[in-house]
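Q:
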Amino acid sequence: MSGDKNNKMILGAFMQAANCSNYAASWRHPETMTDFLTPEYFQRIARTLEDGKFHFAFIDDRLAMPGIYRDSIEDSLIHGVRVVKFDLIPIVMAMAMSTENLGVGATYSTTYHGPFHIARLFATLDHMTGGRVGWNVVTSLNDEEAQNFGLENHLKHDQRYDQADEVMEIIEGLWDTWADDALIANKEEGIFADPDKVRRLEYTGSYVKSRGPLTVPRPPQGHPVVMQAGQSSRGRDFAAKWGEVIFAVFKTIEEGKRIGEDIRERAAKYGRNPQDIKIVTAAYAIPGTTTESATEKMKFIESLATTTDKLTLLSELLNFDFGAYDMNHQLTPEQLNSISGSRGMAEQFMKEGKEPTISEFIDASNRGTIHELPVFCGTPNNIAIEMTEWFTEGGCDGFMLAATHVPGAYEDFVRMVIPKLQEMGTVQSEYTGQTMREGLGLERPTSQYFGRPQ
Ligand SMILES: Cc1cc2nc3c(=O)[nH]c(=O)nc-3n(C[C@H](O)[C@H](O)[C@H](O)COP(=O)(O)O)c2cc1C
Numbered sequence: 005m006s007g008d009k010n011n012k013m014i015l016g017a018f019m020q021a022a023n024c025s026n027y028a029a030s031w032r033h034p035e036t037m038t039d040f041l042t043p044e045y046f047q048r049i050a051r052t053l054e055d056g057k058f059h060f061a062f063i064d065d066r067l068a069m070p071g072i073y074r075d076s077i078e079d080s081l082i083h084g085v086r087v088v089k090f091d092l093i094p095i096v097m098a099m100a101m102s103t104e105n106l107g108v109g110a111t112y113s114t115t116y117h118g119p120f121h122i123a124r125l126f127a128t129l130d131h132m133t134g135g136r137v138g139w140n141v142v143t144s145l146n147d148e149e150a151q152n153f154g155l156e157n158h159l160k161h162d163q164r165y166d167q168a169d170e171v172m173e174i175i176e177g178l179w180d181t182w183a184d185d186a187l188i189a190n191k192e193e194g195i196f197a198d199p200d201k202v203r204r205l206e207y208t209g210s211y212v213k214s215r216g217p218l219t220v221p222r223p224p225q226g227h228p229v230v231m232q233a234g235q236s237s238r239g240r241d242f243a244a245k246w247g248e249v250i251f252a253v254f255k256t257i258e259e260g261k262r263i264g265e266d267i268r269e270r271a272a273k274y275g276r277n278p279q280d281i282k283i284v285t286a287a288y289a290i291p292g293t294t295t296e297s298a299t300e301k302m303k304f305i306e307s308l309a310t311t312t313d314k315l316t317l318l319s320e321l322l323n324f325d326f327g328a329y330d331m332n333h334q335l336t337p338e339q340l341n342s343i344s345g346s347r348g349m350a351e352q353f354m355k356e357g358k359e360p361t362i363s364e365f366i367d368a369s370n371r372g373t374i375h376e377l378p379v380f381c382g383t384p385n386n387i388a389i390e391m392t393e394w395f396t397e398g399g400c401d402g403f404m405l406a407a408t409h410v411p412g413a414y415e416d417f418v419r420m421v422i423p424k425l426q427e428m429g430t431v432q433s434e435y436t437g438q439t440m441r442e443g444l445g446l447e448r449p450t451s452q453y454f455g456r457p458q
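Residue numbering for the sequence shown follows this note's numbering, beginning at 5 and increasing consecutively.
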């Protein structure tokens, strides 16, 4: 990992275009704003993040209301467990239009959105925001999502990554179908674009195909920044092949170092420069004027979560109904292996030869609680010291901060912790570069067909 003191820590915000933050219980927090059906809700957060010189906001997504648990949407609706999920693109635009430097990353699924559609959408966004857009590539997780798109079941785990590889080839190919200098728009000569600098793609894979060219000139960033969060072995391979900003959830600095090295080794096998990959880990921050007041704040936040939040969200993530069994039911290797959503946790249990009960599985996952992610809780100074340690010791290149309540958690962080991190020289005090890519210190990709303009 960079750990290079000349580098600055990357800061992103882990957001949802939803009625709650990543912490499903956040909507119950008395300070959480309730105007999430308006652009102002998102723009307020965007401006706060920009005040704190965050590199980007990142918006998570899922294409279905949680309904795997007890095969019903009732619990999710009553408990408000991520039931509202906007399409992210108008929200990206709203946030970008209210800021000047903040990058905005949005999640779009390679399983349910066609590659031409994704390529065009993100190329358009990249132009409209002056190169401040990232795409979080996901393959989606569960049957509920499949059924919203007319399919019975979600594709099998490894198969959807095989499909995603082809989708990526098409999308990056389409972004490269226009040379950077293809657009001439010379009114006097009546020439709009150079036909020698725009080409068809003619891609045919086993899952997807596209003829091209893209109907949008080459994006300002060459390619919008590609984000990814695969955790399983197949997922990490995919992340290492395509990802530029890789999201993870590391519990310790050592885990961050180990997984970071693994991803960078895999990337080197694809001929990539390991420095072209930035690894950011998700966390919560709960600053208080004293350690005691921070702990009190955390206890109150913890008390907002319900057991139903946990079961609903775990069932959704793993594509497995945890409500179909007694809490003491021991999961057999076959049942663990049948988990077809996010497989990281099940793979870990199988590797250790363990057969956890449902309640052990839930406890191990911490799903639906703030402890699903590391929590930095304490005085601003102590939080800044701890975060700096993660960075300088090579546990990560930066953090993606989730909010315990919205927008208060970001306001507190920017007001209390950012000045300390800036004093320590850990984070940037000014934006650098024009685009999100430049701000992150990532190379601009040259077109695979046209190279750099002469
Ligand atoms: C920080 C983070 C953010 C993620 N955001 C999304 C998301 O918005 N939508 C989604 O379908 N999956 C999301 N995922 C799931 C990943 O894309 C991936 O499926 C998951 O980490 C499991 O890895 P695997 O696919 O290799 O089993 C996220 C994962 C992490 C760690």
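Backbone N, C-alpha and C fix where the C-beta goes; we use that ideal spot for every residue, glycine too.
With burial defined as no fewer than 16 other Cβ atoms inside 10 Å of the residue's Cβ, what is the status of S307: buried or exposed?
A: exposed
Q: Taking W179 as the reference, which of A150, A271 and T128 has the closest Cα?
A: T128
Q: Whole angstroms is fine: what's the gap from T295's alpha carbon to K303's?
A: About 12 Å.
Q: Report all residues from its chain with a CB closer than 8 Å to the CB of V212; omit the five preceding and five following residues, and keep chain order.
A: Counting only residues of its own chain and dropping the five nearest sequence neighbours on each side, V212 has a CB closer than 8 Å to the CB of G118, P119, Q167, E170, V171 and I174.
Q: Within 10 angstroms of the Cβ of E320, are there 16 or more other Cβ atoms? Answer buried if so, exposed if not.
A: buried
Q: Looking only at DSSP bridge pairs, what is C381 linked to?
A: I290
Q: Which ranges does the beta strand (DSSP E) cover as unbroken runs of at least 3 residues, wholly within the region 177–242, from first to last along the chain?
A: 187–190, 195–197 and 229–232
Q: Does the beta-carbon of A197, which I'm using as the reference point, lie nearer than 6 Å to any heavy atom of ligand 1?
A: No, since every heavy atom of ligand 1 falls outside the 6 Å radius drawn around the Cβ of A197.
Q: Considering only C-alpha positions, which residue in the set F242, M19 and A28 is nearest to R48?
A: M19
Q: Kindly indicate which three-state DSSP category D64 falls into: helix, strand or coil?
A: Strand.
Q: N386 by DSSP, collapsed to three states: which one?
A: helix
Q: On the three-pair Cβ rule with 8 Å, is the region 44–62 touching the region 104–123?
A: yes
Q: Based on DSSP bridge pairs, tell me the residues matched to L15.
A: F403
Q: Apart from the five residues just before and just after W182, which ones in its own chain have a Cβ nearer than 6 Å to its Cβ?
A: V202, P221 and R222
Q: My understanding is that M99 touches A22, with C-beta atoms under 8 Å, so please give their C-beta distance in whole angstroms.
A: M99 to A22, Cβ: 14 Å. No contact.
Q: What does the Cβ neighbour count give for P199, buried or exposed, with the cut at 16 atoms within 10 Å?
A: exposed
Q: Say the cut is 6 Å; is the CB of V253 nearer than that to a heavy atom of ligand 1?
A: Taking 6 Å as the cut-off, one finds at least one heavy atom of ligand 1 near enough to the beta carbon of V253.
Q: Return yes when the C-beta of G234 is under 6 Å from any heavy atom of ligand 1, and no when it is not.
A: yes
Q: Straight-line CA distance for L218 to D325?
A: 41 Å
Q: With F353 as the anchor, note down where its alpha helix (DSSP H) starts and where it stops.
A: G348 to K355
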